[in-house]
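Chemist: To convert, count from 1 in the sequence shown and add 4; that's my numbering.
Backbone N, C-alpha and C define an ideal beta-carbon position, used for all residues, glycine too.
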Amino acid sequence: MNKSYQKLIRGNQIYSETKVFQDPEYFKNLAKGQKPDYLWIGCSDSRVPANEITNTQSGEIFVHRNIANLVVHTDTNLLSVLEYAVKYLEVKHIIVCGHYGCGGVLASMTNTYHGFVDNWLRNIKDVYYKNEEELMAIHNKNERANRLTELNVLEQVRNLAKTTIVQEAWSHRELHLHGWVYGLQDGLVKDLSVIHNGQQDIDSIYRFSFNGEKVKIPVKKSSVPVTKLPLKKTQ
Ligand code: CO
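#1: For Q61 and P53, what's the separation of their Cα atoms in angstroms?
#2: Just to confirm my understanding: we take S175, look at its own chain, exclude 5 residues before and 5 after, and list those with CB closer than 8 Å. What are they?
#3: Are G119 and N73 close, meaning C-beta to C-beta below 8 Å?
#4: Are V170 and L181 close, meaning C-beta to C-beta below 8 Å?
#5: So L181 is in the beta strand (DSSP E); what residue range does that whole segment cover?
#6: Could you pull out every unbroken alpha helix (DSSP H) segment of at least 4 residues lying fully inside the stretch 50-124, listed in chain order?
#7: Any heavy atom of the ligand CO closer than 7 Å to the beta-carbon of R72?
#8: Does chain C have any CB closer than 8 Å to the CB of V170?
#9: By the 10 Å Cβ neighbour count, where 16 or more other Cβ atoms means buried, how is N115 classified, buried or exposed?
#10: Let me confirm a value: R177 is counted as buried when at least 16 other C-beta atoms fall within 10 Å, else exposed. Which label applies?
#11: Once DSSP output is grouped into helix, strand and coil, what is the label at I169?
#12: Only counting runs of 4 or more residues, tell me where the alpha helix (DSSP H) segments fall wholly within the stretch 133-166, in order along the chain.
#13: Give me the Cα-Cα distance between G202 and K7, rounded to the nearest whole angstrom.
#14: Look up S48 in the DSSP assignment and say whether it is helix, strand or coil.
#15: From which residue to which residue does the alpha helix (DSSP H) around K23 run?
#16: Taking the alpha-carbon positions, what's the K96 to V90 distance?
#17: Quick check on R162: buried or exposed, where buried means 16 or more other Cβ atoms within 10 Å of its Cβ?
#18: Comparing the CB of D49 with every heavy atom of the ligand CO, is any distance shorter than 7 Å?
#19: Using three-state DSSP, classify I199 as helix, strand or coil.
#20: Between A165 and D195, which are expected to be in contact by the criterion C-beta below 8 Å, what is the C-beta distance as a whole number of angstroms?
#21: Give me the residue from N150, D207, Y104 with the minimum Cα distance to D49.
#22: Less than 7 Å between the CB of E68 and some heavy atom of the ligand CO, yes or no?
#23: Measuring from the CB of G183, is there a heavy atom of the ligand CO at a distance below 7 Å?
#24: Assign L43 to one of three DSSP states: helix, strand, or coil.
#25: Between which two residues does the alpha helix (DSSP H) harbouring L34 extend?
Here it is, written out as structure tokens:
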């Protein structure tokens, strides 16, 4: 049997001993409970570990990761993590962090069949389809993938803002949603400078009313021509 997994056990012993050496109370304090300020929604990619790339410690970031950092409004796993983080841990910031060179994004740009995962990546294909004009104008394939990575993060931040969980929090407190992209090449985070702070940042049809107040939904001019129906003759 391949015993390479034992490297992890040995690594853990070194980790534990080092922490206790630096601060004998380290684990005792951590065991008391957690009060992280941040929820991180990132990619499962082994090269983008939330704590390590942000130079933070255990207890500072609540983490959810999936392939290509997607926020799917029917994903019970993500919604449970989100509700717990927002309602009970009362995190102040939620960060959706994508990364350049994301295998999920690259796979979504091809017509290759990969298996079940293609149903998951379909969400990124929808982002591509929505932004096809902009993406088709970028001729360099890598640059196009990089832009899709950014557009995907922006879409997932919007998806986050549309959830009842985030909006319910907004009805009585501050909560900030951020979109970042991490560079595997230089280890640096690019802040996409998109911050959602409240319901004004989402289209009105997605807004929920929590205080019995009416949500104003402006009538949008439809791009589809309205067919004039013949009026019924009344007697
Ligand atoms: Co990825």
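Modeler: Taking the geometry as given:
#1: One-based indexing of the sequence shown puts residue 61 at position 57. One-based indexing of the sequence shown puts residue 53 at position 49. Whole-angstrom Cα-Cα distance: 12 Å.
#2: As a working mapping, residue 175 is identified with position 171 in the sequence shown. Cβ neighbours of S175 beyond the five flanking positions: F214, N215.
#3: For the purposes of this step, residue 119 is identified with residue 115 of the sequence shown, where counting begins at 1. For the purposes of this step, residue 73 is identified with residue 69 of the sequence shown, where counting begins at 1. No, the pair does not count as a contact, with Cβ atoms beyond the cut-off.
#4: Counting from one through the sequence shown, the residue named residue 170 turns up at place 166. Counting from one through the sequence shown, the residue named residue 181 turns up at place 177. Cβ atoms of V170 and L181: closer than 8 Å.
#5: Position 177 of the sequence shown holds residue 181. L181 -> beta strand (DSSP E) spans 180-186.
#6: 54-58, 80-87, 107-112
#7: Numbered from its first residue, the sequence shown carries residue 72 at position 68. Reading off the sequence shown, one finds Ala at residue 72, where the question assumed Arg. Yes, the beta carbon of A72 sits closer than 7 Å to at least one heavy atom of the ligand CO.
#8: Of the protein chains in this structure there is only one, and it is not chain C.
#9: If you number the sequence shown from 1, residue 115 lands on position 111. Classification of N115: exposed, given that the 10 Å Cβ count is below 16.
#10: Along the sequence shown, read from residue 1 onward, the residue named residue 177 stands at position 173. Looking at its Cβ environment, which holds fewer than 16 other Cβ atoms inside 10 Å, R177 is exposed.
#11: By 1-based counting over the sequence shown, the position of residue 169 is 165. In this structure, I169 counts as helix in the three-state DSSP scheme.
#12: 136-140, 145-166
#13: Here residue 202 corresponds to residue number 198 of the sequence shown, with the count starting at 1. Here residue 7 corresponds to residue number 3 of the sequence shown, with the count starting at 1. Answer to the nearest angstrom: the Cα atoms are 51 Å apart.
#14: Within the sequence shown, numbered from 1, the residue matching residue 48 stands at position 44. Coil.
#15: As a position in the sequence shown, residue 23 is number 19, starting the count at 1. First-last of the alpha helix (DSSP H) with K23: 10-26.
#16: Taking the sequence shown and counting its residues from 1, the one referred to as residue 96 is at position 92. Taking the sequence shown and counting its residues from 1, the one referred to as residue 90 is at position 86. Straight-line Cα distance between these residues: approximately 8 Å.
#17: Numbered from 1 along the sequence shown, position 158 holds the residue referred to as residue 162. It is buried - the Cβ of R162 has at least 16 other Cβ atoms within 10 Å.
#18: Numbered from 1 along the sequence shown, position 45 holds the residue referred to as residue 49. Yes - the ligand CO has a heavy atom lying nearer than 7 Å to the Cβ of D49.
#19: For the purposes of this step, residue 199 is identified with residue 195 of the sequence shown, where counting begins at 1. It is a strand residue.
#20: The residue given as residue 165 occupies position 161 in the sequence shown. The residue given as residue 195 occupies position 191 in the sequence shown. Not quite, the Cβ-Cβ distance comes to about 17 Å (not below 8 Å), so this is no contact.
#21: Residue numbering aside, residue 49 sits at position 45 when the sequence shown is read from its first letter. Nearest of N150, D207, Y104 to D49, Cα basis: Y104.
#22: Along the sequence shown, one-based indexing puts residue 68 at 64. It is His, not Glu, that sits at residue 68 in the sequence shown. Outside the cutoff, so no.
#23: Looking up residue 183 in the sequence shown gives position 179. Incorrect: G183 has no Cβ contact closer than 7 Å to the ligand CO.
#24: Numbered from 1 along the sequence shown, position 39 holds the residue referred to as residue 43. Reduced to three states, the DSSP call for L43 is strand.
#25: Start at 1 with the first residue of the sequence shown, and residue 34 comes out as number 30. 30-35 is the span of the alpha helix (DSSP H), which, as asked, contains L34.
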